[in-house]
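Under our numbering, the first residue of the sequence shown carries the number 586, and numbering increases by one thereafter. In this text, a Cβ means the ideal position worked out from N, Cα and C, and glycines have one as well. Below you'll find the structure, written out as structure tokens, and then a few comments.
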Amino acid sequence: MLALIALVALSLAAVGLMRTMLATNQVAGNLAFQQSAAQAAQVGVETAMAWLDQQARAFTEVVPASGALPAQLGQANRLSNHILKGASEPIAYRATRQDPIPGQSWEAFWAVQKAANFVNELPPDANGNKVSYLIHRLCVNQGKRESMGSNCELAPYRKVDERGSMSSPTGIPAAREALYRITVRVEGPRNAVSFTQTIISI
Numbered sequence: 586m587l588a589l590i591a592l593v594a595l596s597l598a599a600v601g602l603m604r605t606m607l608a609t610n611q612v613a614g615n616l617a618f619q620q621s622a623a624q625a626a627q628v629g630v631e632t633a634m635a636w637l638d639q640q641a642r643a644f645t646e647v648v649p650a651s652g653a654l655p656a657q658l659g660q661a662n663r664l665s666n667h668i669l670k671g672a673s674e675p676i677a678y679r680a681t682r683q684d685p686i687p688g689q690s691w692e693a694f695w696a697v698q699k700a701a702n703f704v705n706e707l708p709p710d711a712n713g714n715k716v717s718y719l720i721h722r723l724c725v726n727q728g729k730r731e732s733m734g735s736n737c738e739l740a741p742y743r744k745v746d747e748r749g750s751m752s753s754p755t756g757i758p759a760a761r762e763a764l765y766r767i768t769v770r771v772e773g774p775r776n777a778v779s780f781t782q783t784i785i786s787i
């Protein structure tokens with residue numbers, strides 16, 4: 586009888602140990618995915634940032650308004666308007682803020698953005714992570730960031746010359762930069778999905 590009780594106790598202990606090991610392995614697997622996903626997401630953020638910086642430096646000529654001198658040409662930043670993917674545009678970009686509607690998940694929102702061809706995808710990495718990202722300028726409307734009609738969220742003023750001057754003793758403020766939101770989606774090899782967001786100013 587005692588031997589039977591001991592055998593049952595050992596069996597229960599073995600089951601408990603097995604469950605503990607399975608739980609430990611699952612936690613370790615989740616942590617490994619989170620670390621791998623975080624590294625993959627960083628690649629997506631850096632890719633988007635490099636593209637934004639490049640576009641912020643690119644200017645296009647704009648036809649002057651009626652009544653302007655023929656020789657007068659304005660300059661507008663490319664990031665003032667949506668950029669659609671195409672043969673000559675590998676990256677898509679929205680000049681206005683887009684968010685999930687009430688009751689809509691980020692996964693469902695992502696599917697809508699992807700169907701509209703605004704999701705940018707990177708090749709799978711060595712760990713099998715599939716990285717894709719969205720770039721949104723945090724503005725209500727398209728147009729120049731300083732335009733009232735664009736209604737953009739702007740970074741705080743910063744000084745470009747700390748020495749100041751007679752007219753501006755506290756320093757000369759630089760133009761306020763627009764805020765951009767980079768949303769990265771990482772799909773792991775086991776279909777585990779994570780989202781990360783980064784806000785930058787340019």
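Measure the C-alpha to C-alpha separation of Asn666 and Val704 and round it to an integer number of angstroms.
16 Å
Distance CB(Gln698)-CB(Leu669) smaller than 9 Å:
no
Opening and closing residue of the beta strand (DSSP E) in which Phe780 lies
Val778 to Ser786
Beta-carbon within less than 7 Å of Glu762's beta-carbon, same chain only, minus the 5 sequence neighbours each way: which residues are those?
Leu739, Ala740, Ser786 and Ile787
Using C-beta distances below 6 Å, list every residue in its chain close to Pro774, excluding the 5 sequence neighbours before and after it, in chain order.
Gly713
Within 10 angstroms of its Cβ, does Arg730 collect 16 or more other Cβ (buried), or is it exposed?
buried
Buried or exposed, going by whether 16 or more other CB atoms sit within 10 Å of the CB of Ala633?
With 16 or more other Cβ atoms within 10 Å, it is buried.
Tell me the rounded alpha-carbon separation between Ile784 and Arg722.
Whole-angstrom Cα-Cα distance: 10 Å.
Residue range of the alpha helix (DSSP H) that Lys699 falls in?
Taken as a continuous stretch (DSSP letters only), the alpha helix (DSSP H) holding Lys699 covers Trp691 to Ala700.
Thr632 in three-state terms, based on DSSP:
Look at Thr632 here: in three-state DSSP terms it is helix.
Contacting residues, own chain, Cβ-Cβ under 6 Å from Arg682 (five flanking each side not counted)
Close CB contacts of Arg682 within its chain, under the 6 Å cut and outside five residues either way in sequence, are with His721 and Leu723 (chain order).
What three-state label does DSSP hand Leu664 in the structure shown?
Helix, per DSSP.
Determine the burial state of Ile767: buried for a count of at least 16 other Cβ atoms within 10 Å of its Cβ, exposed for fewer.
buried
Suppose you measure from the CA of Val778 to the CA of Val769; what does that come to, to the nearest Å?
10 Å
In the structure shown, what three-state DSSP assignment does Leu637 receive?
helix
Could you name the residues of the same chain whose beta carbon sits closer than 8 Å to that of Ala613, not counting the 5 residues immediately before and after it, in chain order?
The pLDDT assigned to Ala613 is 46, lower than 50, so where the model puts this residue is not dependable, and the model offers no usable value.
Going by DSSP in three states, Ala763 sits in which element: helix, strand or coil?
strand
So, at 6 Å on beta carbons, what are the nonlocal neighbours of Val771 in its own chain, with the 5 sequence-adjacent residues on each side left out?
Ala622, Ala625, Ala626, Asn714, Val716 and Ser779
Between which residues of its own chain and Asn736 is the CB-CB distance below 8 Å, once the five residues before and five after are set aside?
Cys724, Val725 and Asn726
Straight-line Cα distance separating Asn662 from Ala643
7 Å
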